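Participant: At position 198 of the sequence shown the residue is numbered 197 (numbering that gives the first Met the number 0), and the sequence of numbers has no breaks.
Let me give you the structure first, and then I'll get to my questions.
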Amino acid sequence: MQNELAKDFNLSSLLRFTLPTITMLVFVATYTIVDGIFVSRYVGTEALSATNIVFPLINILMGVGIMLGTGGSAVIGRTLGEGRIDDARSNFTLIVTFSAILGLILSSIAFIFISPLCRFLGADDVLLPYCIDYGKILMSLYFVAVIQVLFQTLFVTAGKPHLGLWLNVTSGLSNIFFDYLFIVVFDWGIAGAAWGTATSFLIGGLFPLWYFAKPRAILYFVKPKWDGKTILSSVLNGSSEMVTSGAMAVTTFLFNLTMMKTLGQDGVAAITIILYAQFLFSAAYMGFSNGAAPIFSYIYGNRNILRMKKMFKLCIQIILMSSVLISVFSFFMATPTISIFTPKNTDTYKIALHGYHIFAWSFLFSGINIFTSSFFTALSNGLLSAIISFLRTFLFVTVCILFLPNIFGINGIWLAIPIAEGLTAILAITLLYIGNKQYHYLQYSR
């Protein structure tokens with residue numbers, strides 16, 4: 000079977016190769032936003048706030064799939080580049096099996112302790128019933144979602160990015176359909192939103208298990224063989240992605256607490272809307288970075304320095320250009336984006352619109368940060384990747400949330416992410432120059 004990762008990519012072919020992953024993640028963001036729109040418009044802003052209260056739990060579980068998917072992809076891609084095809088298939092099977100079991104254990108724990116967890120995450124007496132209804136239903140099937148997220152990267156490593164795209168499109172459309180059916184037609188409220196999402200998990204999570212059960216791609220399931228080093232390497236390589244997800248859980252928690260204290264439920268609903276917008280515009284960066292990562296892993300395993308330099312230059316050009324375009328586009332889309340969720344005459348709309356115009360500056364810096372973290376993961380340098388992710392999504396943001404409101408008032412909350420992204424961009428560029436001594440991806444290096 001032809002190995003798609005072995006191609007000599009140019010600008011056009013690289014964009015074609017990564018386009019399915021970009022489209023896939025943008026579509027995932029889109030149907031997640033549609034989920035929020037149904038909740039906001041047909042259930043209420045209290046229910047929308049409740050989904051954001053539960054979001055940290057979702058982020059932690061999602062992080063497990065992303066961590067093992069990206070970290071495992073780096074291990075598998077490098078093994079393929081070294082020509083060890085059978086070992087790559089064995090590692091592939093082990094990583095999928097381990098992810099499914101770990102996802103089942105974690106989602107079961109969250110299901111059992113959903114009420115105290117939601118209380119801890121900031122739910123008051125009004126929001127708690129919404130949180131419990133939403134969280135219990137999602138956690139009952141969330142181990143399948145872990146598998147779905149895992150395969151978003153593994154489809155690319157297997158040379159089947161288009162299949163991953165169409166699977167996510169199908170899963171997303173089913174989510175939208177079942178949201179409409181359960182929320183609008185059956186009037187199930189927030190439980191309808193949860194069942195709509197959970198049903199889409201089954202499609203996105205079970206199909207890959209069926210597909211890779213037979214040799215339809217260069218990777219497929221074989222008899223699993225325990226290898227602790229493979230799991231440990233996958234966890235370490237993907238640790239930055241887990242750090243990102245865990246940090247997002249913590250910062251969302253802090254945003255919710257701060258907003259609840261200063262602006263109440265309207266403030267929580269407003270930050271929820273803005274975080275949805277951030278998810279959408281960041282998805283393009285994540286899609287490109289995740290799509291290009293297996294290529295870097297393969298080139299690194301193949302020890303082809305000239306291809307490494309060419310790929311890195313192409314990726315940087317794309318990231319810088321898209322950062323400007325996405326930033327400009329996001330400013331123009333402020334009003335229509337927010338008005339989709341809530342009417343213009345509401346307090347939630349006024350709070351969100353004001354905050355969005357400050358928050359949107361973060362998109363100018365986030366592209367290079369996301370790419371650099373993913374790039375080092377692809378090169379099996381989990382440490383540098385984790386440093387970037389930890390500082391970007393946790394330390395810088397947490398410090399800004401805790402201190403900036405004391406200086407700038409409510410504007411300090413909206414400034415937290417842009418300042419954190421700007422500081423991380425300086426760090427990311429510095430680490431790229433430092434890392435070049437080992438990996439030789441810059442044009443001037445020997």
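All C-beta atoms, glycine included, are put in the ideal place defined by N, C-alpha and C.
Bear in mind that the values here come from a model prediction, so they are computed numbers and not experimental data.
Hey, out of Ile202, Ile36 and Val398, whose CA is closest to Leu422's CA?
Facilitator: Val398
Participant: Report back the beta-carbon spacing between Gly35 and Tyr355 to the nearest angstrom; my notes put them in contact at under 8 Å.
Facilitator: Incorrect: roughly 15 Å between the Cβ atoms, too far for contact.
Participant: Are the CB atoms of Gln264 and Val125 nearer to each other than 9 Å?
Facilitator: yes
Participant: In this structure, how does DSSP classify Arg83 when only helix, strand and coil are distinguished?
Facilitator: Arg83: coil per DSSP, three-state reduction.
Participant: Hey, Phe44 and Thr345: beta-carbon distance below 9 Å or not?
Facilitator: Phe is not the amino acid found at residue 44; the sequence shown has Thr there. In contact: Thr44 and Thr345 (Cβ atoms closer than 9 Å).
Participant: Since Arg88 contacts Leu235 with CB under 8 Å, what's their CB separation in whole angstroms?
Facilitator: Approximately 21 Å separates the beta-carbon atoms of Arg88 and Leu235; this is outside 8 Å, ruling out the contact.
Participant: State yes or no: is the C-beta of Tyr133 within less than 9 Å of the C-beta of Thr50?
Facilitator: Result yes, Cβ atoms of Tyr133 and Thr50 sit closer than 9 Å.
Participant: Nearest by alpha-carbon distance to Leu352: which of Ala283, Ala333 and Arg40 is it?
Facilitator: Ala333
Participant: Go ahead and pull the three-state DSSP assignment for Leu430.
Facilitator: helix
Participant: Please look up how many angstroms separate the CB atoms of Leu47 and Leu116, rounded, as I've assumed it's under 8 Å.
Facilitator: Not confirmed; about 19 Å, so no contact.
Participant: Check for me: the alpha helix (DSSP H) holding Val42 runs from which residue to which?
Facilitator: Neither: Val42 is in no alpha helix (DSSP H) and is coded neither H nor E.
Participant: Taking 7 Å as the limit between beta carbons, can you name the residues of its chain near Phe280, skipping five residues before and five after?
Facilitator: Ile325, Ser329 and Phe362
Participant: Can you tell me whether Arg215 is helix, strand or coil according to DSSP?
Facilitator: In this structure, Arg215 counts as coil in the three-state DSSP scheme.
Participant: Which residues bound the alpha helix (DSSP H) around Thr392?
Facilitator: No alpha helix (DSSP H) contains Thr392, which DSSP labels as neither H nor E.
Participant: Starting from Asp132 and walking both ways along the alpha helix (DSSP H), at which residues does that stretch end?
Facilitator: Leu127 to Thr156
Participant: In chain order, what residues of the same chain have a beta carbon less than 6 Å from the beta carbon of Phe220, not counting five sequence neighbours either side?
Facilitator: Thr92, Phe211 and Ala212
Participant: Since Leu426 and Leu390 are thought to touch, with beta carbons under 8 Å apart, how far apart are those beta carbons, to the nearest angstrom?
Facilitator: The pair is a contact, with the Cβ atoms about 6 Å apart (cut-off 8 Å).
Participant: Given a cut-off of 9 Å, decide if Leu162 and Val53 are closer than it, judged by their beta-carbon atoms.
Facilitator: no
Participant: Straight-line CA distance for Glu420 to Pro214?
Facilitator: 43 Å
Participant: If we ignore side chains and look at the alpha-carbon of each, how far apart do Ser139 and Gly290 end up?
Facilitator: 30 Å
Participant: Does the structure place the region 184-192 close enough to the region 200-208 that three or more beta carbon pairs sit under 8 Å?
Facilitator: No, the region 200-208 does not touch the region 184-192.
Participant: Return helix, strand or coil for Phe185, following the three-state DSSP convention.
Facilitator: Three-state DSSP puts Phe185 in coil, outside helix and strand.
Participant: Classify Gly300: buried if its beta carbon has 16 or more other beta carbons within 10 angstroms, exposed otherwise.
Facilitator: Gly300 should be labelled buried.
Participant: So the candidates are Arg118, Ile131 and Ile298; which of them puts its Cα closest to the Cα of Asn255?
Facilitator: Arg118
Participant: Out of Phe278, Tyr348 and Lys312, state which residue places its alpha-carbon closest to the alpha-carbon of Arg40.
Facilitator: Tyr348
Participant: Please work out which residues of its chain come closer than 6 Å, Cβ to Cβ, to Met258, disregarding the five sequence neighbours upstream and downstream, and give them in chain order.
Facilitator: Gly266, Val267 and Ile270
Participant: So, is Asn58 buried or exposed, given that buried needs 16 or more other C-beta atoms within 10 angstroms?
Facilitator: buried
Participant: When the Cα of Thr261 is compared with those of Asn303, Met247 and Asn410, which residue comes out closest?
Facilitator: Asn410
Participant: Where does Pro342 fall in DSSP's three states?
Facilitator: Coil.
Participant: Pick helix, strand or coil for Lys222, following the three-state DSSP scheme.
Facilitator: Looking at Lys222 - three-state DSSP - the assignment turns out to be coil, as it is neither helix nor strand.
Participant: Evaluate Leu430 with the Cβ neighbour count: other Cβ atoms within 10 Å of its Cβ, from every protein chain shown; 16 or more gives buried, anything less gives exposed.
Facilitator: buried
Participant: Taking the C-alpha atoms as reference points, what is the distance between Ala248 and Ala144?
Facilitator: 17 Å
Participant: Inspect the beta-carbon positions of Tyr284 and Phe370 and report whether they are closer than 9 Å.
Facilitator: yes
Participant: Just mark Lys308 as buried or exposed, buried being the case when its beta carbon has 16 or more other beta carbons within 10 Å.
Facilitator: Buried, because 16 or more other Cβ atoms sit within 10 Å of the Cβ of Lys308.
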